[in-house]
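Participant:
This is the structure in structure tokens:
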């Protein structure tokens, strides 16, 4: 029997032997460690491994090179026809071809743990590293290959020996000891490097490696190709030196022009005696939190040896606006690395994304391809802006979520609008912060109005000390757990907001009439409602009564291109640039304008909401000092829509807990004038305090608190373990619950407690027929995967996210998108004389895309708008 390692296959099309692929993977891992991993991260990993940086890099190469050693096994090798013929000729046919899939990574784990590493002193470390290698294909089920076969065992031992000489330069095996406290962070980093190395070594960059790997300069060539891959793909780390003074980081803000929050943030870093792990900035709207947050993130990144930042925001709309600000900022500092925009529709809006995306020869080709798309790989690059969900998914039980942790470990993390996340999301964020602490990811948290219990919950990931109260304030926790608080005594924005309660909630005609009256003499008003249906009805009522000013409707259920156009129009009309500001206008909107959008209104009318969100909404009024106001509007006035005595909260009670809505009404009845910033912390604290509620409402509070406990428990079902228990997919890779192809939406929904959603697109008949011809039958469905980027953009511009339960699963004429269109369902539309599109489902329900109102579903005479 004459087989050597060059004849044992690892890849088949094109052919790559196990020796070539193993060596390449280890070399790529070393290149990643040297040229992608930030110095602070690599130094921390080396410390955990108790060795020098150079020795750690060598050992990483050795570990990664062994990930496919389990492919050297009879039942696995017998899969490939060419090898099957050779094995039959030499009498190596397996005893019994097993119908259950053979998982080579399971064989890898067994052979290393039980045989090859059996002589190492620390058996628990052998098991740990073997389990880590087992997890490089995640969410797979199957069995390990046959145990007793000396022929294959000898080849396995030969491969390990060659990798030991190649990377460890030693005749003996060395497995670093890890303290229990370091196994989570080190395991996550090593597994992330392993997965990425395997994918890169399996890409078309190395497709012909078998033909040149025997040459004398093969290893130098492999290093060159790996470095080129990182450079072209934007994964190479980008060192940057940032000034320590605030006005140097933000040259447009002079030292004399710094706001109180910004000055205290700078002072924090001037006086700190140790590295800072987390900073929480709490201040009213308009105090320059974004600039202070970026400054803090850059200073912390310098302290911890990281490069770049990721800014996580509540919505795609807020991300779209922030990315422009960050690009201007980096251009001002001549940074070479671009800022990438990250959310499920980012590449549609972001023309600046580079187009590099290689092909892969790997069983995980679909995932590798998606992860190296410009949108996804941005999390692995130096600078990015996107939704907070992108970071939150790093601690969910998702396929390859560890790559998100690896990307975050290279930079500082900024989480904006912390107050806007509910109990369910807060549990996920708390787990994320626990991992940020052990991975030494510096974190900046921004909030205008934060309930005390949420503040304590978030910061408890860093310290067991009590958190002093104070507002506005800068709160920091050092690496040793010491709490530092700097109270802000000088605020830029001090104002008094007059509050009027209007008992006309849900009465669209009365809301429209009152709003029209309020802006009769001029002014720009926002009517902010809690559901899409209420916004649509109010918009129609304003049209019906003949409002002749500028009238806009903005919510999340417009097709992507139209939504983006509306968003940009809102910014042009109501943003910092005043040249296009109308004399009289009403914007009817949902929560899409509540968070981070830099728009300014003269008047605000809002549906009742939890008190912190009401305060957040009023921050969109009288926001800019240079905005010209109508003569009759001299002070900010907030009009709060509440139910009358005979009415319940209705749909608003499904959006927010009724006890919080009722508490907001009680507080606003007492505070007919809100003084900013003095009243904000008092209102937020009382708004979430059951003891401040009347006795007759305590039962409602109890239901709410129990529901919160349930939400927290539900989120725990999807979370990886806390770091002290290790990185859970290392031990439980088969328990991974979700795909990491984000547009499948069920995964995305798990970062927010809500119903699963599906992205759909309605196309005119001729375009639908065109794409049908490009589709292929697969598993009883017509699948559309081969489209150009321009064609994918065309479809996604027409797409909108809707609740999955409103779609019938048996609709016959549906195209299911793949690759660039992953997760999108495409329907043929009938177009009416007004240009509205309609599709009738098999159960008779109509999907209607109305040009003015967005998407609705209609069943007979009953219309249900998506809320």
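Numbering (the working numbering), first residue to last: 155 to 1021.
Even glycine gets a Cβ: it sits at the ideal position worked out from N, Cα and C.
Model, not experiment: these values are computed from the prediction.
Pairing CB atoms from the region 689-707 with CB atoms from the region 659-669, are three or more of them under 8 Å?
Facilitator: The answer is yes - the region 659-669 touches the region 689-707, with three or more Cβ pairs under 8 Å.
Participant: Look at the alpha carbon of residue 312 and the alpha carbon of residue 249, and state the distance between them as a whole number of angstroms.
Facilitator: Position 158 of the chain shown holds residue 312. Position 95 of the chain shown holds residue 249. Looking at the two C-alpha atoms, the distance is approximately 23 Å.
Participant: Between residue 1009 and residue 954, which are expected to be in contact by the criterion C-beta below 8 Å, what is the C-beta distance as a whole number of angstroms?
Facilitator: Here residue 1009 corresponds to residue number 855 of the chain shown, with the count starting at 1. Here residue 954 corresponds to residue number 800 of the chain shown, with the count starting at 1. That belief holds up - the Cβ atoms of residue 1009 and residue 954 are roughly 5 Å apart, short of 8 Å.
Participant: Considering just the uninterrupted stretch of the beta strand (DSSP E) at residue 757, what are its terminal residues?
Facilitator: Translated into the one-based positions of the chain shown, residue 757 becomes position 603. Start and end: 757-761.
Participant: Under the rule that 16 or more other beta-carbon atoms within 10 Å means buried, what is residue 791, buried or exposed?
Facilitator: Translated into the one-based positions of the chain shown, residue 791 becomes position 637. Buried: at least 16 other Cβ atoms inside 10 Å.
Participant: So what does DSSP say about residue 691, is it helix, strand or coil?
Facilitator: Along the chain shown, read from residue 1 onward, the residue named residue 691 stands at position 537. Residue 691 falls in the helix class under three-state DSSP.
Participant: How big is the Cα-Cα spacing for residue 349 and residue 966?
Facilitator: Counted from its first residue, the chain shown places residue 349 at position 195. Counted from its first residue, the chain shown places residue 966 at position 812. Roughly 38 Å separates the two Cα atoms.
Participant: Would you grab the beta carbon distance between residue 748 and residue 771 for me? Rounded to a whole angstrom, and I think it's under 8 Å.
Facilitator: Here residue 748 refers to the residue found at position 594 of the chain shown. Here residue 771 refers to the residue found at position 617 of the chain shown. Yes, residue 748 and residue 771 are in contact; Cβ-Cβ is about 6 Å, under 8 Å.
Participant: Can you list the alpha helix (DSSP H) stretches of 4 or more residues lying completely in the region 528-597, in chain order?
Facilitator: The qualifying runs are 528-531, 542-546, 556-562, 577-592.
Participant: Just confirm the distance between the C-beta atoms of residue 558 and residue 533, as a whole number of angstroms; I'd bet it's less than 8 Å.
Facilitator: Here residue 558 is taken as the residue at index 404 of the chain shown, counted from 1. Here residue 533 is taken as the residue at index 379 of the chain shown, counted from 1. Indeed, because the Cβ distance is near 6 Å, the residues count as touching under 8 Å.
Participant: Could you give the DSSP three-state label for residue 163: helix, strand or coil?
Facilitator: Taking the first residue of the chain shown as 1, we reach residue 163 at position 9. Here residue 163 sits in strand by DSSP.
Participant: Kindly give me the distance between the Cβ atoms of residue 392 and residue 461, rounded to whole angstroms, as I take these residues to be in contact under 8 Å.
Facilitator: If you number the chain shown from 1, residue 392 lands on position 238. If you number the chain shown from 1, residue 461 lands on position 307. With a Cβ gap of about 6 Å, residue 392 and residue 461 count as contacting.
Participant: Report the residue ranges of all beta strand (DSSP E) runs contained in full by the region 401-443; include only those spanning at least 3 residues, in chain order.
Facilitator: 430-436, all fully within the region 401-443.
Participant: Please report the residue range of the beta strand (DSSP E) in which residue 297 lies.
Facilitator: Locating residue 297 in the chain shown gives position 143, where the first residue counts as 1. From DSSP, residue 297 is part of no beta strand (DSSP E); its letter is neither H nor E.
Participant: Are there 16 or more other CB atoms within 10 angstroms of the CB of residue 405, so buried, or fewer, so exposed?
Facilitator: Here residue 405 refers to the residue found at position 251 when the chain shown is read from its first residue. Under this definition residue 405 is an exposed residue.
Participant: With H, G and I counted as helix, E and B as strand and the rest as coil, what does DSSP make of residue 331?
Facilitator: Reading the chain shown from its first residue, position 177 is the one you call residue 331. Looking at residue 331 - three-state DSSP - the assignment turns out to be coil, as it is neither helix nor strand.
Participant: Mind checking whether residue 482 and residue 751 have CB atoms under 9 Å apart?
Facilitator: For the purposes of this step, residue 482 is identified with residue 328 of the chain shown, where counting begins at 1. For the purposes of this step, residue 751 is identified with residue 597 of the chain shown, where counting begins at 1. No, they are not a contact pair.
Participant: Starting from residue 704, follow its DSSP beta bridges and name the residues at the other end.
Facilitator: Here residue 704 is taken as the residue at index 550 of the chain shown, counted from 1. Answer is 739.
Participant: Under the rule that 16 or more other beta-carbon atoms within 10 Å means buried, what is residue 935, buried or exposed?
Facilitator: Locating residue 935 in the chain shown gives position 781, where the first residue counts as 1. Looking at its Cβ environment, which holds fewer than 16 other Cβ atoms inside 10 Å, residue 935 is exposed.
Participant: Confirm, please, whether the CB-CB distance from residue 224 to residue 263 is below 9 Å.
Facilitator: In the chain shown, counting from the first residue as 1, residue 263 sits at position 109. In the chain shown, counting from the first residue as 1, residue 224 sits at position 70. In this structure, residue 224 lies closer than 9 Å to residue 263 by Cβ.
Participant: Could you spell out where the alpha helix (DSSP H) holding residue 626 opens and where it closes?
Facilitator: Translated into positions along the chain shown, residue 626 becomes position 472. From DSSP, residue 626 is part of no alpha helix (DSSP H); its letter is neither H nor E.
Participant: Measuring only the C-alpha atoms, how far is residue 887 from residue 436?
Facilitator: Mapped onto the chain shown, residue 887 falls at position 733. Mapped onto the chain shown, residue 436 falls at position 282. With a pLDDT of only 45 at residue 887, under the threshold of 50, the placement of this residue in the model should not be trusted, and no figure is reported.
Participant: So, with DSSP's three-state summary, where would you put residue 246?
Facilitator: In the chain shown, the residue the question calls residue 246 occupies position 92. Looking at residue 246 - three-state DSSP - the assignment turns out to be coil, as it is neither helix nor strand.
Participant: Quick one: complete alpha helix (DSSP H) runs, 4+ long, within the region 182-234?
Facilitator: Counting whole runs of 4 or more residues, the region 182-234 contains the alpha helix (DSSP H) stretches 193-203, 207-219, 228-231.
Participant: For the alpha helix (DSSP H) that residue 285 lies in, which residues bound it at each end?
Facilitator: Here residue 285 corresponds to residue number 131 of the chain shown, with the count starting at 1. Counting along the chain, the alpha helix (DSSP H) containing residue 285 begins and ends at 277-288.
Participant: When you compare the region 533-552 with the region 383-397, are there three or more beta-carbon pairs, one atom per stretch, that lie closer than 8 Å?
Facilitator: Contact between the region 533-552 and the region 383-397 is present, because at least three Cβ pairs lie under 8 Å.
Participant: Whole angstroms is fine: what's the gap from residue 222's alpha carbon to residue 347's?
Facilitator: Counted from its first residue, the chain shown places residue 222 at position 68. Counted from its first residue, the chain shown places residue 347 at position 193. Each residue's Cα considered, the two are about 15 Å apart.
Participant: Quick one: any contact between the region 607-614 and the region 577-587, if contact means 3 or more CB pairs under 8 Å?
Facilitator: Yes, the region 607-614 touches the region 577-587.
Participant: Measure the beta-carbon distance from residue 1033 to residue 690 and round it to whole angstroms, keeping in mind my assumption that it falls under 8 Å.
Facilitator: Past the edges of the chain, shown from 155 to 1021, lies residue 1033, and the structure says nothing about it.
Participant: Distance check for residue 166 and residue 233, CA to CA, integer angstroms please.
Facilitator: Position 79 of the chain shown, counted from the first residue, corresponds to residue 233. Position 12 of the chain shown, counted from the first residue, corresponds to residue 166. Roughly 11 Å separates the two Cα atoms.
Participant: Would you check if the region 977-987 and the region 914-934 touch, i.e. whether three or more CB-CB distances between them fall below 8 Å?
Facilitator: With a cut-off of 8 Å, the region 977-987 and the region 914-934 count as touching, because enough Cβ pairs lie within range.
Participant: If you draw a straight line from the alpha carbon of residue 854 to that of residue 725, how long is it in whole angstroms?
Facilitator: Numbered from its first residue, the chain shown carries residue 854 at position 700. Numbered from its first residue, the chain shown carries residue 725 at position 571. If I take the Cα positions, the gap works out to 40 Å.
Participant: Using a Cβ-Cβ cut-off of 6 Å (strictly less than) and excluding sequence neighbours within five positions of residue 898, which residues of its own chain qualify?
Facilitator: Position 744 of the chain shown holds residue 898. In this prediction, residue 898 has a pLDDT of 38, which is less than 50 and means its spatial position is unreliable; what the coordinates show is noted afterwards. Around residue 898: 977.
Participant: Does the Cβ of residue 551 lie closer than 8 Å to at least one heavy atom of the ligand NAD?
Facilitator: This structure simply doesn't include the ligand NAD, nor any ligand for that matter.
Participant: Going by beta carbon distance, what residues of the same chain come within less than 7 Å of residue 199, once the five residues before and after it are set aside?
Facilitator: Within the chain shown, the letter at position 45 stands for residue 199. 210, 340, 343, listed in sequence order.
Participant: Just to confirm, is the Cβ distance from residue 466 to residue 195 under 9 Å?
Facilitator: As a first step, residue 466 is located in the chain shown; it is residue number 312 there, counting from the start. As a first step, residue 195 is located in the chain shown; it is residue number 41 there, counting from the start. In this structure, residue 195 does not lie closer than 9 Å to residue 466 by Cβ.
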